[in-house]
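Each remark here refers to the structure printed beneath this line.
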Amino acid sequence: MASFREESKKSHFIIVPLPAQGHLIPMTDMGCLLAERGVSVSLLITQANADRIKPIIERAKESKLSIQFVELSFPNEKFGLPQGCESVDHITDWGLFRAFFDAVYSFNEPLETFIENLERPPDCMITDMCNAWTAPVARKFGIPRVIFHGPSCFYISTDYNLAHNKVYDSVTDENEHVTVPNFPIKLQVTKAQTPGFFIGPTLADFRKKSLEEELTADGVVINTFLELERPFIENYERLIGKKVWTVGPFCLYNKDDKMKVGRGNKDAIVHRHRVLIWLDGRDAASVLYISFGSTTYTNSQQIMEVGKGLEALNKPFIWVMKKREMTPVVEKWLADSFEERTKDRGLIIVGWAPQVVILSHPAVGAFMTHCGWNSLLEAISTGVPMITWPRNSDQFVNENLIVDVLRIGISLGVKLPDFDTEDVIMVKSEEIRKAVNALMDGIEADERRQRSKDFSKKAQKAVEEGGSSYVNLADFIHYFTDQRNKLANENSISA
Ligand code: UDP
């Protein structure tokens with residue numbers, strides 16, 4: 014083990030994730046990775062979120078990784094939030110979003126206390142784009158601050174261009190198509206399809222602050238890789254005028270099965286064994302995997318419509334459903350008919366699935382996804398083509414990248430966002446049947462699968478020693494370590 018003297022010589026980076034699965038998962042990966050590459054890391058996390066990723070925290074301890082998980086208590090009571098509501102996926106009532114982000118913004122005090130108690134300020138603060146509240150803290154202590162962007166660069170660049178050119182200021186119909194300015198390709202979007210991360214007027218000030226503080230950051234790290242979306246990365250780098258380090262896909266750094274299965278939520282561990290046995294008995298690339306991320310909700314009528322499509326398909330499938338989607342209607346439908354009729358070829362997981370373990374299995378041949386960036390990148394990394402069904406946030410724009418630019422997916426044709434709408438059927442069973450068949454069978458399907466495999470190889474290469482993301486991460490670490498050394502030299506000269 015390194016001596017204290019050696020430890021104290023190390024660079025110290027502090028990571029401040031947004032408490033949302035799609036943000037916390039990649040930032041935890043990044044923390045472990047930085048620690049593996051010799052940085053001493055402190056990652057701020059709240060108690061309920063720490064409990065979810067306990068196996069990862071324990072694994073990090075066992076392997077003596079120099080990462081500490083700094084546990085903070087979430088101020089639920091103060092902000093009128095139910096006990097245990099510590100992550101975006103815990104919010105089931107739209108009215109609570111404001112209070113949730115107000116609570117997140119109040120973490121500036123414990124963060125300041127944490128920094129004040131350190132021997133010296135950290136060398137770098139990596140903070141989620143949505144955590145604009147960290148900017149004044151970083152300024153107060155003179156800590157360089159880097160933004161972590163959760164989505165694709167294709168989306169980040171789109172959003173940047175739309176926002177800074179005020180494109181929507183003159184749009185009256187939110188379904189009117191507009192062309193994204195200063196973009197490497199002709200891309201048309203609608204206001205409705207690009208709601209961004211802070212949706213609605215009650216959260217508009219958070220979005221404004223995020224955009225403002227993006228401009229004051231000392232650099233940007235993104236969970237993507239150069240060989241996947243180079244023109245859009247270069248576009249964003251040119252626009253923002255700062256160093257942009259693409260260092261992903263993070264999911265590929267989880268070589269250890271224990272890390273892979275415990276990613277995001279320890280609940281997945283209970284499913285691992287039965288899922289692997291079930292998949293081992295299937296032909297290569299024959300299984301359709303269906304999952305819509307951590308926050309997206311599918312209503313009961315739509316769930317049964319998806320089920321109809323799956324019955325018509327007669328293909329093996331793994332379908333992940335959320336606990337809150339288990340309404341009495343759905344439970345009855347599953348127990349009375351669907352499970353019995355598909356028992357020879359269907360596996361339903363209620364709760365948190367070990368997604369990367371599933372996607373990595375050779376039996377999986379297609380992924381029906383809501384187009385969250387982590388899910389897309391996980392499918393790209395494992396070479397699985399996709400059926401795209403965007404719901405909100407960055408997902409419609411991500412879909413465009415997958416279907417039209419990279420050509421590794423087929424769209425279900427959904428054009429409007431879905432914010433937990435009850436009883437509305439956005440996608441008919443027949444559309445599901447057609448899209449899955451087109452994705453899995455025929456010459457075009459083979460070509461698409463081949464393209465997916467090629468991107469997977471490029472992704473693996475990017476994170477290997479000498480690969481683009483590997484090198485970028487080294488550069489990122491050196492950049493902030495050198496800054497500290499320079500500063501220390503200047504101080505010793507002036508003294
Ligand atoms: N995830 C998982 N099991 C589940 C649901 C989600 O492991 O049952 C993980 C998934 O692998 C991904 C993340 O949760 O890493 C979801 O992030 P994404 O950006 O895809 O969507 P979001 O949840 O942010 O909408």
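Residue numbers for the sequence shown follow my numbering, so the first one is 14 and each next one is one higher. Note that beta-carbon positions come from the ideal geometry of N, C-alpha and C, so glycine has one too. This structure is a prediction, so every number in the text was calculated from the model and none was measured.
Near the ligand UDP: residue i beta-carbon under 7 Å from a heavy atom
| i | result |
| --- | --- |
| GLN34 | yes |
| GLN206 | no |
| ARG285 | no |
| VAL369 | yes |
| SER100 | no |
| ILE235 | no |
| THR259 | no |
| ALA379 | no |
| SER534 | Past the edges of the chain, shown from 14 to 508, lies residue 534, and the structure says nothing about it. |
| ILE104 | no |
Test item: CB-CB of residue i and residue j under 8 Å
| i | j | result |
| --- | --- | --- |
| VAL52 | ILE438 | no |
| GLY44 | ILE66 | no |
| VAL29 | THR140 | yes |
| VAL540 | ARG287 | Any property of residue 540 remains undetermined from this structure, which presents the chain solely from 14 to 508. |
| VAL101 | THR308 | yes |
| THR401 | VAL416 | yes |
| MET339 | ILE69 | no |
| PRO39 | ASN174 | no |
| LEU78 | GLU242 | no |
| ASP231 | ARG158 | yes |
| GLU84 | ILE58 | yes |
| ALA472 | PHE238 | yes |
| PHE305 | PRO135 | no |
| ARG420 | ARG462 | no |
| LEU486 | ARG50 | yes |
| LEU200 | THR207 | no |
| ASN278 | TRP365 | yes |
| LEU47 | ASN144 | no |
6 Å Cβ shell around residue i - same chain, five flanking residues per side excluded
| i | result |
| --- | --- |
| ALA15 | Confidence at ALA15 is low in this model, with a pLDDT of 44, below 50, so its placement is unreliable and the value that follows should be read with caution. Result list for ALA15: empty, nothing under 6 Å. |
| PRO375 | ALA297 |
| GLY322 | SER442, ILE445 and ARG446 |
| MET317 | TRP346 |
Same chain, Cβ closer than 8 Å to residue i, five either side skipped, listed in chain order
| i | result |
| --- | --- |
| THR215 | PHE110 and ARG111 |
| ILE128 | ILE27, PRO134, PRO135, VAL150, PHE154 and ILE156 |
| ARG18 | With a pLDDT of 39 at ARG18, under the threshold of 50, the predicted position of this residue should be treated as unreliable, though the coordinate-derived value follows. Correct list: empty, nothing qualifies. |
Identity of the residues DSSP links to residue i by a beta bridge
| i | result |
| --- | --- |
| TRP386 | Its beta-bridge partners do not exist; DSSP assigns none. |
| CYS137 | PHE26 |
| GLY422 | MET399 |
| GLY232 | VAL159 |
| LEU360 | ILE331 |
| TYR483 | Partner(s): none; TYR483 has no beta bridge. |
| VAL191 | VAL202 |
| LEU94 | DSSP output for LEU94 lists no bridge partner at all. |
| GLU84 | ILE58 |
| MET381 | ILE303 and ILE400 |
| THR259 | ILE235 |
| SER53 | HIS25 |
Sequence-distant residues of the same chain with beta carbon closer than 7 Å to residue i, five excluded per side
| i | result |
| --- | --- |
| SER424 | THR401, GLU412 and VAL416 |
| VAL342 | SER313 |
| THR355 | LEU323 and GLU324 |
(message) For the stretch 221–239 against the stretch 161–180, do three or more pairs of beta-carbon atoms, one drawn from each stretch, fall closer than 8 Å, so that the two count as touching?
(response) Enough Cβ pairs lie closer than 8 Å, so yes.
(request) Please confirm if the stretch 312–331 is in contact with the stretch 359–366, defined as three or more CB-CB distances below 8 Å between the two stretches. (result) yes
(message) Measuring CB atoms only, is the stretch 262–270 touching the stretch 384–398, in the sense that at least three cross pairs come out at less than 8 Å?
(response) Under the 8 Å Cβ criterion, the stretch 262–270 counts as touching the stretch 384–398, having at least three qualifying pairs.
(message) Check whether the stretch 61–76 and the stretch 85–103 touch, using three or more Cβ-Cβ pairs below 8 Å as the test.
(response) yes
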